Amino acid sequence: MDKLMRIVAFVGGLFFALSMGVVLYLGTHKTVVVAESATSTVENSYTSQTRALEQELHIAAENTSDSYLYLPLQDNVKAENINMQSAFLFQGVGIEVEGAEGYFYETNELSGRVNVVKSATYQQIGSKTHVLLEFSDVFECSSRVDGNRLVISLHKPKDIYQKIVVIDDRMQVAGGTEAHRITTSVEEKIRTILTTDGYRVYYTGASENVTDMDVINLVNRAGADIYIGLQLSRDNDMQVLGTKVYYNGDYYIPWLTNAELADSLEKAVVTAVQGKGLGIEKCGQYDLLRFMEIPAARISLGYISSDKEGALLRQNNYQQVLAESICQVLQEDVQ
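Residue numbering for the sequence shown follows our numbering, starting at 1075 and increasing by one per position.
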């Protein structure tokens, strides 16, 4: 139920992320660009009353395709009337159909590769129908309108990408909203650099709804090659500053131990910003890093409480240098 509520919250924020979507016209078929979000960071706009209107979408009894899902569309619905958002942490996709009548889905069903669909629901909100599909695994989605149906293509990430990185900026020991803004900015810059270089970067965002288990499931099911956590530190002494990296000392692979990864990250960041290195440290017994079966480390980018370092951390150029130094290590270690 908790996971369902979080997924519903994600759909409630659908409009925000989808404002960046662009509809492309390719030949006789119209492709619907799928926006993405780790989770919705927008306050849930659904009320208990609108949740009560949610209904189950009929699902075909058997698979009719190994690659595609087919969502029926009314005659008047075009590609430009459809917005989609993939929320990979919750293994779901939200589909917003402008102009569709809610009753249409009372007698029409989702078909195709239905064995990967855990649940399918819809509800009418104003002039729009919201369809929510929850999958049994992490999938990369693409879609197009073909006649009177939306064709959704599903692929495992490793079938498309050779290099997959998970960036987790939830791990805030201090700093609150401001710290989240800083680590999110660094994460976005890392994502931009690595994506340009052909990496697939999954990220957690700053949502409090994301649990450690959500992240572990994403790492495992997406087939991630490396995990990096980002955080800031705080101390009562405003003179304390520096960079520290945490790692799991129990896991290693012959060509890259977690200690080596942590050491490389610390040296790269400290050198790039001409800062102070505080060394590397084994994580605690119940730390998320202990449950990672891939190279993994968490880096404290600095002390937000420091007069000197805190001011630097708030600067966009400094955040860019942090991102570039981290990417330098990842590009060397994830080949």
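Glycine is no exception: its CB is placed at the ideal position from the N, C-alpha and C atoms. Quick caveat: nothing in here was measured; it's all calculated off a predicted structure.
With 16 other CB atoms within 10 Å as the buried threshold, where does residue i fall?
i, result
"GLU1261", "buried"
"ASN1189", "exposed"
"LYS1263", "buried"
"GLN1198", "buried"
"PHE1374", "Reading off the sequence, residue 1374 comes out as Ser, not Phe. The residue is buried, with at least 16 neighbouring Cβ atoms inside 10 Å."
"ILE1327", "exposed"
"ILE1400", "buried"
"TYR1099", "Because TYR1099 sits at a pLDDT of 34, beneath the cut-off of 50, its placement in the model cannot be relied upon, and the following sentence gives the value as read from the coordinates. Classification for TYR1099: exposed."
"SER1210", "exposed"
"GLY1221", "exposed"
"MET1287", "exposed"
"SER1122", "In this predicted model, SER1122 has a pLDDT of only 41, less than 50, meaning its place in the structure is not dependable enough to derive any value."
"TYR1120", "Its pLDDT being 38, under 50, TYR1120 is placed unreliably in this model, and the value from its coordinates should be taken loosely. It counts as buried."
"GLU1154", "exposed"
"TYR1360", "exposed"
"ILE1234", "exposed"
"ASN1283", "buried"
"VAL1096", "With a pLDDT of 32 at VAL1096, under the threshold of 50, the predicted position of this residue should be treated as unreliable, though the coordinate-derived value follows. Exposed is the call here."
Thinking just about the alpha-carbon of each residue, which of the options is nearest to the one in residue i?
i, options, result
"VAL1225", "ALA1336, VAL1408 and SER1216", "SER1216"
"THR1143", "SER1210, ARG1223 and MET1158", "Correcting the residue type first, residue 1143 is Leu in the shown sequence and not Thr. Considering only alpha carbons, the answer is ARG1223."
"LEU1207", "LYS1192, GLN1197 and SER1338", "LYS1192"
"ALA1174", "TYR1196, LEU1163 and GLN1165", "TYR1196"
"GLY1303", "SER1185, VAL1171, ARG1372 and THR1257", "ARG1372"
"ASP1047", "HIS1229, THR1203 and ASN1310", "As shown, the chain starts at 1075 and ends at 1409. That puts residue 1047 outside it, with no answer to give."
"SER1160", "THR1331, VAL1212, VAL1151 and LEU1184", "VAL1212"
"GLU1170", "ASN1157, VAL1240, ASP1361 and VAL1395", "ASN1157"
"GLN1236", "GLU1252, LEU1268 and ILE1256", "LEU1268"
"GLN1405", "ASN1182, GLU1128, ASN1291 and ALA1342", "ALA1342"
"THR1257", "TYR1277, ILE1133, ASP1271 and GLY1272", "TYR1277"
"GLU1136", "SER1380, TYR1325 and GLY1186", "GLY1186"
"LEU1147", "GLU1128, ALA1134 and ASN1182", "ASN1182"
"ASP1311", "ILE1378, THR1138, ASN1291 and GLU1214", "ILE1378"
"LEU1363", "LEU1386, VAL1240 and GLN1389", "VAL1240"
"ASP1309", "ASP1381, ILE1133, LYS1152 and ARG1295", "ASP1381"
"VAL1275", "LYS1318, GLU1252, PHE1162 and SER1227", "PHE1162"
"LEU1387", "GLN1313, GLU1252, THR1285 and THR1270", "GLU1252"
Would you please state the rounded distance, in angstroms, between the beta carbons of residue i and residue j? I believe it to be under 8 Å.
i, j, result
"GLY1349", "GLY1384", "With a Cβ gap of about 13 Å, GLY1349 and GLY1384 do not count as contacting."
"LEU1028", "GLY1316", "Within the shown structure, residues of the chain are numbered from 1075 to 1409, placing residue 1028 beyond reach of any answer."
"SER1259", "GLN1393", "5 Å"
"VAL1347", "LEU1396", "7 Å"
"GLY1166", "THR1203", "GLY1166 to THR1203, Cβ: 16 Å. No contact."
Tell me which same chain residues have a C-beta within less than 7 Å of the C-beta of residue i, skipping the five on either side of it?
i, result
"GLY1297", "PRO1231, LYS1232 and ILE1238"
"ASN1150", "GLY1173"
"LEU1131", "TYR1179, LEU1184, ALA1194, THR1195, TYR1196 and VAL1205"
"ILE1368", "VAL1293, ALA1298, ASP1299, ILE1300 and TYR1301"
"ALA1333", "TYR1321, GLY1323 and ILE1354"
"GLN1129", "THR1195, TYR1196 and GLN1197"
"ASP1271", "GLN1405"
Quick check: is the beta carbon of residue i nearer than 8 Å to any beta carbon in chain C?
i, result
"GLY1358", "Among the chains in the structure shown there is no chain C, since it carries only a single protein chain."
Tell me which same chain residues have a C-beta within less than 8 Å of the C-beta of residue i, skipping the five on either side of it?
i, result
"SER1201", "GLU1172 and GLY1173"
"ASP1407", "ILE1300, LEU1330, LEU1335, SER1338 and PRO1369"
"MET1366", "ILE1290, VAL1293, TYR1301, ASN1322 and TYR1325"
"ARG1265", "ILE1241, VAL1275 and TYR1277"
Report the partner residues of residue i according to the DSSP bridge assignment.
i, result
"HIS1204", "GLU1170 and GLN1197"
"LYS1318", "SER1374"
"ARG1295", "Partner(s): none; ARG1295 has no beta bridge."
"GLY1186", "LEU1143"
"LEU1304", "ILE1373"
"GLY1349", "Per DSSP, none; premise fails for GLY1349."
"GLU1214", "HIS1229"
If I measure Cβ to Cβ from residue i and keep anything under 6 Å in the same chain, skipping five residues before and after, which residues do I get?
i, result
"TYR1028", "Since the displayed the chain opens at 1075 and closes at 1409, residue 1028 lies outside it and no answer follows."
"GLU1214", "HIS1229, PRO1231 and ILE1234"
"TYR1273", "LYS1237 and VAL1239"
"THR1138", "SER1185 and GLY1186"
"VAL1344", "THR1317 and GLY1351"
"GLU1398", "none"
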